[in-house]
Amino acid sequence: MSLSSEKSYLNPRFKSLWYGGDYSPEQWPSDVWAQDVALMREAHFHVATMGMFAWSKLEPSEGRYDFDWLDEVVEKLTAGDRWFILGTPSAAPPAWLSKKYPGTLRTGPDQVRRGHGNRVNFSLGSAIYREKTRAISQELAERYGSHPRLLAWHMSNEYNGEDFGPESIVQFRAWLKRKFSGDLDALNHAYWSAFWSHTFTDWDEIDPPGPPYGETAIQGLTVDWMRFVTDQTVDFMLNEAAPLRQISPKVPITTNLMGTYWGLDYRKFAEHIDFVSWDSYPAPVDHLDNPETWFNVGFRHDLMRSLKPDVPWLLMEYTPSSANWYDIMQLKRPGVHRFESLHALAHGADGLQYFQWRQSRGGQEQFHGGVVGHSGTNDTRVFKEVQEVGERLTSLCHLAGSTTQSEIALIFDWENRWALDAACGPTRL
């Protein structure tokens with residue numbers, strides 16, 4: 004790690020290591036909020052990330068916005084000398100939107116439109132959905148974009164997946180036309196589509212590839228589809244980011260990436276965000292007895308850092324205790340959490356953010372670890388370990404803005420992986 008005088012910060016208004024986590028005040032009565040701020044102070048939390056899953060609270064009905072509750076939370080955080088990151092809520096649309104505009108829901112590769120629910124269940128190609136996400140971004144930017152305690156904008160949450168709906172199909176065909184300059188013969192030649200009589204004679208004959216029912220024998224088409232999905236998702240992000248850039252141009256923008264997730268080429272995202280952030284959840288094993296775990300995590304840290312090598316990155320999510328989607332919700336052994344936290348800093352992170360601050364009482368992630376558990380107190384091993392990490396970060400604040408120098412380079416390329424996955428041979432490893 005280089006400590007040169009030339010430093011680059013996540014946000015120069017806060018020249019220290021960021022420490023905090025995902026905070027969901029919309030899940031809790033208002034009398035809990037003051038307790039949260041007091042506990043954050045004890046845990047050395049500086050930064051609360053809010054809003055990614057609060058759309059139904061922010062806009063309870065179409066065009067009717069309610070920011071009073073969020074104003075109160077922001078006031079309490081500010082009074083408690085805390086900072087905040089504000090997210091755009093596109094990852095989880097409200098039920099009223101899905102019911103009134105069913106075309107905004109995602110369509111699977113089986114050509115069946117999904118019902119409302121879960122998250123990231125929206126159509127990337129839907130013009131209406133883009134209009135609605137941009138509108139709420141506009142409202143958030145106008146209300147909070149100039150707030151002195153706003154450190155960053157958090158775009159959506161873990162962009163992922165593919166949409167096979169009618170609007171996305173039309174956009175894919177248009178993307179192919181642009182790539183091949185309207186020359187269908189050039190496309191057929193590039194795809195070698197004469198094999199098995201797969202020659203296209205009209206652009207409208209081209210559908211997105213993939214199982215269970217789509218084309219799987221034209222590798223070039225599959226790779227181009229994945230390129231399109233990346234471009235479409237980046238364009239979706241830019242649409243909801245546009246009001247933020249316009250109204251609050253000095254507030255940095257990021258989105259939480261997922262390491263070696265193969266569905267999107269993250270280098271395309273890095274061109275449009277101000278700093279990289281990502282979510283790290285190592286498998287629940289006896290970590291300190293299994294160095295391979297840390298080789299893998301370290302590789303992902305370095306991959307994320309490489310997307311914008313001249314800017315520090317942020318660990319946007321990791322668990323203080325356990326993750327709820329593994330078969331066994333194993334708690335970290337004493338000392339492992341401290342090691343995991345310092346490990347990220349050693350790989351160039353300028354901050355650590357947990358998911359989640361307060362453990363939910365219900366819902367999909369009610370058993371996912373939280374800094375404040377279901378007991379609601381600070382008298383737990385997890386809270387004390389988080390507090391210990393916060394104390395350590397305070398003593399290491401001079402590292403903020405420094406860069407990491409690597410002596411060995413590795414090539415990591417999403418498109419090459421797509422090509423290997425699409426090919427029938429020579430290897431499936």
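Per the numbering used here, the sequence shown runs over residues 4 to 432. Note that the Cβ used here is the ideal one computed from N, Cα and C, for glycine as well. All figures in this text were calculated on a predicted structure; none of them were measured in a lab.
Worksheet item: Under 9 Å between the Cβ atoms of Ser159 and Pro252?
Response: No, the pair does not count as a contact, with Cβ atoms beyond the cut-off.
Worksheet item: Is DSSP giving Val375 helix, strand or coil here?
Response: Strand at Val375.
Discussion item. Please report the straight-line C-alpha distance between Tyr321 and Tyr22, rounded to a whole angstrom.
Written reply: Rounded to the nearest angstrom, the gap between the Cα atoms of Tyr321 and Tyr22 is 12 Å.
Fill in: Rounded straight-line distance, which links the Cα of Ala57 to that of Ile250
Cα to Cα, the separation comes out at about 21 Å.
Worksheet entry | Through-space distance from Arg384 to Met332, alpha-carbon basis | Going from the Cα of Met332 to the Cα of Arg384 covers about 16 Å.
Practice prompt. Classify Thr225 as helix, strand or coil using the three-state DSSP reduction.
Written response: Reduced to three states, the DSSP call for Thr225 is helix.
Discussion item. Just to check my reading of the structure: His350 and His401 have Cβ atoms closer than 8 Å, yes? What is that Cβ distance to the nearest angstrom?
Written reply: The distance from the Cβ of His350 to that of His401 is about 17 Å, inconsistent with a contact at the 8 Å cut-off.
Discussion item. Mapping the DSSP letters down to three states, classify Gly168 as helix, strand or coil.
Written reply: The answer is coil: DSSP assigns Gly168 none of H, G, I, E or B.
Item to complete: Indicate whether Pro246 and Glu410 have their beta-carbon atoms separated by less than 9 Å.
Response: Pro246 places its beta carbon 9 Å or farther from that of Glu410.
Practice prompt. With DSSP as the reference, please indicate the residues paired to Gln356 in a beta bridge.
Written response: Bridge partners of Gln356: Gly23.
Fill in: Thr263 versus Asp282 - alpha carbon distance
Thr263 and Asp282: Cα-Cα distance of roughly 11 Å.
Discussion item. Which residue marks the beginning of the alpha helix (DSSP H) containing Phe272, and which one marks its end?
Written reply: Note, Phe272: alpha helix (DSSP H), Tyr269 to Ala273.
Worksheet item: In whole angstroms, what separates the C-alpha of Phe376 from that of Ile256?
Response: In the sequence on display, residue 376 carries Gly and not Phe. Our two residues, Gly376 and Ile256, have alpha carbons roughly 30 Å apart in a direct line.
Worksheet item: For Thr81, which option in Ser140, Tyr104 and Arg44 has the closest C-alpha, if you only look at C-alpha atoms?
Response: Per the Cα distances, Arg44.
Practice prompt. Look at Arg364 and Gln30 and say whether their C-beta atoms are less than 9 Å apart.
Written response: Between Arg364 and Gln30, the C-beta spacing is below 9 Å.
Worksheet entry | Closest residue to Glu343 among His371, Leu306, Gln362 and Val392 (Cα-Cα distance) | The residue among His371, Leu306, Gln362 and Val392 with its C-alpha nearest the C-alpha of Glu343 is Val392.
Worksheet item: For His150, which of helix, strand or coil comes out of DSSP?
Response: The answer is coil: DSSP assigns His150 none of H, G, I, E or B.
Discussion item. Alpha carbons only, please: which of Pro429, Val389, Thr407 and Cys427 is nearest the one belonging to His49?
Written reply: Taking only the C-alpha atoms, the option nearest His49 is Val389.
Fill in: Rounded straight-line distance, which links the Cα of Ser398 to that of Asn124
Going from the Cα of Asn124 to the Cα of Ser398 covers about 42 Å.
Worksheet item: Would you report the Cα separation of Gly338 and Leu108, rounded to the nearest angstrom?
Response: In this structure, the alpha-carbon of Gly338 lies about 44 Å from that of Leu108.
Practice prompt. Return the chain-ordered ranges of every beta strand (DSSP E) run that is complete within the stretch 362 to 426 and spans a minimum of 3 residues.
Written response: List check, beta strand (DSSP E) in window: nothing returned.
Worksheet item: Since Val314 contacts Phe278 with CB under 8 Å, what's their CB separation in whole angstroms?
Response: About 5 Å separates the two Cβ atoms, so the contact holds.
Worksheet entry | Integer Cβ distance of Ser171 from Gly128, believed to fall under 8 Å | Right, the Cβ-Cβ distance comes to about 4 Å (below 8 Å), so this counts as a contact.
Worksheet item: Just the Cα atoms here: how many angstroms apart are Tyr26 and Gly354?
Response: Each residue's alpha carbon lies about 16 Å from the other.
Worksheet item: Between Ser324 and Thr202, what straight-line distance do the alpha-carbon atoms span, to the nearest angstrom?
Response: Whole-angstrom Cα-Cα distance: 54 Å.
Practice prompt. Just the C-alpha distance for Met319 and Asp186, rounded to the nearest angstrom, thanks.
Written response: Near 44 Å, if we compare the C-alpha coordinates of Asp186 and Met319.
Worksheet item: Alpha carbon to alpha carbon, how far is Phe70 from Ala51?
Response: Spanning the alpha carbons of Phe70 and Ala51 requires a straight line of approximately 17 Å.
Practice prompt. Starting from the C-beta of Arg361, find all residues in its chain whose C-beta is less than 6 Å away, skip the five residues before and the five after it, and write them out in chain order.
Written response: Contacts found: Gly373 and Val375.
Worksheet item: By Cβ distance, which residues of its chain are closer than 6 Å to Leu396, with the 5 residues on each side in sequence left out?
Response: Counting only Cβ-Cβ distances below 6 Å, and skipping sequence neighbours, we find Leu20 and Tyr22.
Fill in: Integer Cβ distance of Ser64 from Trp99, believed to fall under 8 Å
Confirmed, Cβ separation roughly 6 Å.
Worksheet item: In this structure, what does DSSP give as the bridge partners for Asn259?
Response: Ser280.
Item to complete: Please say whether Leu348 and Met307 have beta carbons closer to each other than 9 Å?
Response: No.
Discussion item. Only counting the same chain, and skipping five residues up and downstream in sequence, which positions put a Cβ closer than 8 Å to that of Arg176?
Written reply: So the qualifying residues of the chain are Trp206, Asp207 and Ile209.
Item to complete: Report the three-state DSSP secondary structure of Ser344 (helix, strand or coil).
Response: Here Ser344 carries a helix assignment [DSSP, helix/strand/coil].
Fill in: Between the CA atoms of Leu89 and His157 - distance to the nearest angstrom
The alpha-carbon atoms of His157 and Leu89 are separated by roughly 6 Å.
Item to complete: Within 10 angstroms of the Cβ of Arg133, are there 16 or more other Cβ atoms? Answer buried if so, exposed if not.
Response: By the neighbour-count rule (16 or more Cβ atoms within 10 Å), Arg133 is buried.
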